[in-house]
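Some notes on the structure that comes next.
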Amino acid sequence: MRLALVEDNVELASLLSQGLKAEGYETDRMTTAADARAALSTTRYAALILDLGLPDGDGLSILREIRQRRDPLPVLVLTARGGLQDRVGGLRHGADDYLVKPFALEELVARLEALLRRPGQLLGRSLQVGNLVFDTESRQASIDDRPQMLSAREVTVLELLMRRKDRVVPKKLVEDHIFGSSGEVASNAIEVYVHRLRKQLSERGANVQIHTVRGVGYLIAEEKPA
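My numbering numbers the first residue of the sequence shown as 43 and each following residue consecutively.
And the structure:
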């Protein structure tokens, strides 16, 4: 399986390439936005691992171009920018996942495997579970075509779950998307956001359920009639 790796740190790119090769992946390495655009225009990859900080441009511009042409290529973003707004910005521009440096190779591989196992609806402008629809461009959730007001962090959790509907999303992944991969997080912080989101969706008539898989994570699925 061939991957595109866009990373201007030559040493890091080499380490990632070697590690991914050991996991059975072939990687084409690029260090600039120009090289990435050229490769993506001629080669079909299974996924793109994209660093945002490139010497000749922002990786987000590449991401925007990919999504503007409706390309469903899975994109895992690598960045040193760990702030909430940076992560939200990456997801808003079409990233499927976000990994903040420094990170362990094992985590990158696990997230990459999760993307490659995704259901067919992972990409695209609209995500739907039951009567709940999420527009990935406007980041607007609606229930039976009624727009819903949610906080930025609730929206982040909802999108992450809906992109992987019917699959368990690890609690650590939810935590990283909200708070970043570094820094202390209160032990019940994620539960609070998930509980609040679950309650709001139920009260507003969404026929979906957010299940807690104890010790693992969370899963969103359509609520089946009794």
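Cβ coordinates follow ideal geometry from the N, Cα and C atoms, glycine included.
According to DSSP, residues forming a beta bridge with residue i
i, result
"glutamate 196", "None, per the DSSP bridge assignment."
"glutamate 68", "Arg44"
"alanine 263", "Gln251"
"leucine 96", "Gly99"
"serine 168", "Asp177"
Contact set for residue i: own chain, Cβ-Cβ below 7 Å, skip 5 residues either direction
i, result
"arginine 134", "Arg181"
"isoleucine 185", "Asn173, Leu174, Arg246, Gly247, Ala248"
"valine 255", "Val210, Leu261"
"alanine 81", "Ala46, Asp70, Met72"
"alanine 76", "Asp98"
DSSP three-state assignment for residue i, whether helix, strand or coil
i, result
"phenylalanine 145", "coil"
"threonine 84", "helix"
"leucine 118", "strand"
"valine 258", "coil"
"valine 216", "helix"
"serine 56", "helix"
"arginine 134", "helix"
"arginine 188", "strand"
"valine 210", "coil"
Sequence-distant residues of the same chain with beta carbon closer than 8 Å to residue i, five excluded per side
i, result
"leucine 192", "Ala183, Leu200, Leu239, Gln242"
"glutamate 107", "Arg79"
Close-in-space but distant-in-sequence residues of the same chain around residue i (CB under 6 Å, 5 per side omitted)
i, result
"glutamate 65", "Val151"
"glycine 95", "none"
"histidine 253", "Leu261"
"aspartate 208", "Ala263"
Through-space distance from residue j to residue i, alpha-carbon basis
i, j, result
"phenylalanine 145", "proline 189", "37 Å"
"threonine 69", "leucine 62", "8 Å"
"aspartate 187", "glutamine 170", "12 Å"
"glutamine 163", "arginine 44", "Only weak support is given to the placement of glutamine 163: the predicted model assigns it a pLDDT of 40, under 50, and the value that follows is read from those uncertain coordinates. Each residue's alpha carbon lies about 22 Å from the other."
"lysine 214", "glycine 257", "11 Å"
"alanine 263", "aspartate 138", "19 Å"
"histidine 219", "leucine 105", "18 Å"
"threonine 74", "glutamate 148", "25 Å"
"leucine 58", "tyrosine 67", "11 Å"
"leucine 202", "arginine 111", "22 Å"
"aspartate 50", "phenylalanine 221", "26 Å"
"aspartate 93", "threonine 84", "20 Å"
"valine 117", "asparagine 230", "30 Å"
"alanine 46", "proline 267", "43 Å"
"glutamate 121", "glycine 99", "First, the amino acid is wrong: residue 121 is threonine here, not glutamate. Near 14 Å, if we compare the C-alpha coordinates of glycine 99 and threonine 121."
"arginine 205", "proline 97", "31 Å"
"leucine 41", "glycine 136", "Any answer about residue 41 is impossible in this case: the structure gives the chain only from 43 up to 268."
"glycine 259", "glutamate 265", "18 Å"
"threonine 178", "arginine 109", "11 Å"
"glycine 132", "valine 234", "24 Å"
"valine 119", "histidine 237", "28 Å"
Residue i CB to nearest heavy atom of the ligand HEM below 6 Å
i, result
"lysine 63", "This structure does not include the ligand HEM; it has no bound ligands of any sort."
Cβ contact check for the segment 241-250 and the segment 172-186: 3 or more pairs under 8 Å: Contact holds: three or more Cβ-Cβ distances are below 8 Å.
Cβ contact check for the segment 80-89 and the segment 50-61: 3 or more pairs under 8 Å: Verdict: no, contact absent.
The segment 185-197 touching the segment 152-159, judged by at least three CB pairs closer than 8 Å: Touching, no.
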